[in-house]
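To convert, take the position in the sequence shown, counting from 1, and add 10; that gives the working numbering. Just so it is clear, CB atoms sit at the ideal spot from N, CA and C, and this is done for glycine as well. Taking it in order: structure first as C-alpha cells, then the write-up.
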Amino acid sequence: MARIDYADPSKASERTRDILAKNRNANIFRMMSHSSDYFVQYCRLGGAIRSRGELDPIVRELAITRTGILCEAPYEIIAHKRIGKNVGVTDEQNEALANWQAATCFTETQRAALAFTDEIVKLNKPTDATFKAIVAKLTPGALVELQLAVGFYIMTSKFLETFEIDLQPVTEVVG
Numbered sequence: 011m012a013r014i015d016y017a018d019p020s021k022a023s024e025r026t027r028d029i030l031a032k033n034r035n036a037n038i039f040r041m042m043s044h045s046s047d048y049f050v051q052y053c054r055l056g057g058a059i060r061s062r063g064e065l066d067p068i069v070r071e072l073a074i075t076r077t078g079i080l081c082e083a084p085y086e087i088i089a090h091k092r093i094g095k096n097v098g099v100t101d102e103q104n105e106a107l108a109n110w111q112a113a114t115c116f117t118e119t120q121r122a123a124l125a126f127t128d129e130i131v132k133l134n135k136p137t138d139a140t141f142k143a144i145v146a147k148l149t150p151g152a153l154v155e156l157q158l159a160v161g162f163y164i165m166t167s168k169f170l171e172t173f174e175i176d177l178q179p180v181t182e183v184v185g
C-alpha cells in the first residue's frame, strides 16, 4: 500500500487530467501528480526517452528493465518487460536480464549497453573499458540517450520504491 494517498484526478488541472487519462491513471502518475508542474515535465522527458531519438528501442528497453532490476523496483520491471516486448525484446531476453552476463541471447551491442547500465547504477559511472566498449557500438547521440534513459529510470525506480507505489495488473501498468 502506498505510503501516502494518491492524488485525486478530479481535483487536478485539465492538463494533468489529460496526461493521467492518456496514461490510464496509472498509480505512478497519480502519485506524481501531487506536483502537477513536475509531473508534466517528467512525462515530457519520459515521452522523449521512450519515443524519440536514435537509440535502438530494444537496447533502450533492455537497459531500462535492467535498471529496474538493479534498483529492485518490481513496478518498473513489470512495466518495461511489457513495453520491451512491444518493441521486440524477446521473452528469452526478458527472462535472462537478471543474469545477462551468462546468457547468449544478447547481441554485442546489447551486452555493451547492459554492462554500461550495470556500472552506471552500481558504480555511479562506467569504467574506462566499459565506456570504450559502448562508444564503439553507438553514435554519440545514442550514447547520450542511453545514459539519460538509465538515469531517468534510476530516478523513476527510486520514486516508485520511496512511495511504495502499488502494482497494477500488467495490462494497466505504464512505465
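Whose C-alpha, out of Leu80, Ala125, Thr75, is nearest the C-alpha of Phe94? As a working note, residue 94 is residue 84 in the sequence shown. It is worth fixing the name first, because residue 94 is Gly in this sequence and not Phe. Of the residues Leu80, Ala125, Thr75, the one whose Cα lies closest to the Cα of Gly94 is Thr75.
Quick one: is Ile38 buried, meaning 16 or more other Cβ sit within 10 Å of its Cβ, or exposed? The sequence position of residue 38 within the sequence shown is 28, counting from 1. Ile38 should be labelled buried.
So, helix, strand or coil for Tyr186, using DSSP? This structure leaves residue 186 out entirely; the chain is present only between 11 and 185.
When you measure from the CB of Thr140 to every non-hydrogen atom of the ligand COA, does any distance come out below 7 Å? Summarising the ligand content, the structure contains no ligands, and the ligand COA is consequently not present.
Please classify Ala146 as buried or exposed, where buried requires at least 16 other C-beta atoms within 10 Å of its C-beta. Indexing the sequence shown from 1 puts residue 146 at position 136. Exposed, because fewer than 16 other Cβ atoms sit within 10 Å of the Cβ of Ala146.
For Asp15, tell me which candidate among Lys168, Met41, Ser23 has the shortest Cα-Cα distance. Within the sequence shown, the letter at position 5 stands for residue 15. The alpha carbon of Asp15 has as its nearest neighbour, out of Lys168, Met41, Ser23, the alpha carbon of Met41.
My assumption, with CB atoms under 8 Å, is that Glu71 sits in contact with Thr149. Please give the rounded CB distance. Counting from 1 along the sequence shown, the entry for residue 71 is found at position 61. Counting from 1 along the sequence shown, the entry for residue 149 is found at position 139. Contact doesn't hold; Cβ gap of about 18 Å is too wide.
Given 8 Å as the limit, is there contact between the segment 158 to 167 and the segment 127 to 136, that is, 3 or more CB pairs closer than that? Note that the segment 158 to 167 touches the segment 127 to 136; at least 3 beta-carbon pairs, one per stretch, sit closer than 8 Å.
Enumerated in chain order, which unbroken segments of the alpha helix (DSSP H) with a length of 4 residues or greater are wholly contained in the segment 90 to 145? Taking only runs of at least 4 residues, the alpha helix (DSSP H) segments lying wholly in the segment 90 to 145 are 101 to 106, 118 to 133, 138 to 145.
By how many angstroms is the C-alpha of Tyr85 removed from the C-alpha of Lys91? Taking the first residue of the sequence shown as position 1, residue 91 is located at position 81. Taking the first residue of the sequence shown as position 1, residue 85 is located at position 75. Between the alpha carbons of Lys91 and Tyr85 lies a distance of about 10 Å.
Please state the DSSP three-state secondary structure of Arg34. Within the sequence shown, the letter at position 24 stands for residue 34. Coil, per DSSP.
Between the C-alpha atoms of Leu170 and Phe49, what's the straight-line distance to the nearest angstrom? The residue given as residue 170 occupies position 160 in the sequence shown. The residue given as residue 49 occupies position 39 in the sequence shown. Rounded to whole angstroms, the gap between the alpha carbons of Leu170 and Phe49 is 14 Å.
Secondary structure at Gln178, three-state DSSP: helix, strand or coil? Stepping through the sequence shown from its first residue, residue 178 is reached at position 168. In the structure shown, Gln178 sits in coil (DSSP, three-state: anything other than H, G, I, E or B).
Taking Val99 as the reference, give the member of Thr172, Gln120, Ala83, Asp176 with the closest Cα. Here the question's residue 99 lines up with position 89 in the sequence shown. Checked all of Thr172, Gln120, Ala83, Asp176; the closest Cα to Val99 is Gln120.
Taking all protein chains shown into account, decide if Arg60 is buried (16 or more other Cβ within 10 angstroms of its Cβ) or exposed. Working through the sequence shown from its first residue, we reach residue 60 at position 50. Buried, since its Cβ has 16 or more Cβ neighbours within 10 Å.
Going by beta-carbon coordinates alone, are Ala108 and Ile68 separated by less than 8 Å? On the sequence shown, position 98 is the one that residue 108 refers to. On the sequence shown, position 58 is the one that residue 68 refers to. Taking 8 Å as the cut-off, the beta carbon of Ala108 is found no closer than this to the beta carbon of Ile68.
On the DSSP letters alone, give me the boundaries of the alpha helix (DSSP H) that Arg60 sits inside. Taking the first residue of the sequence shown as 1, we reach residue 60 at position 50. First-last of the alpha helix (DSSP H) with Arg60: 46 to 61.
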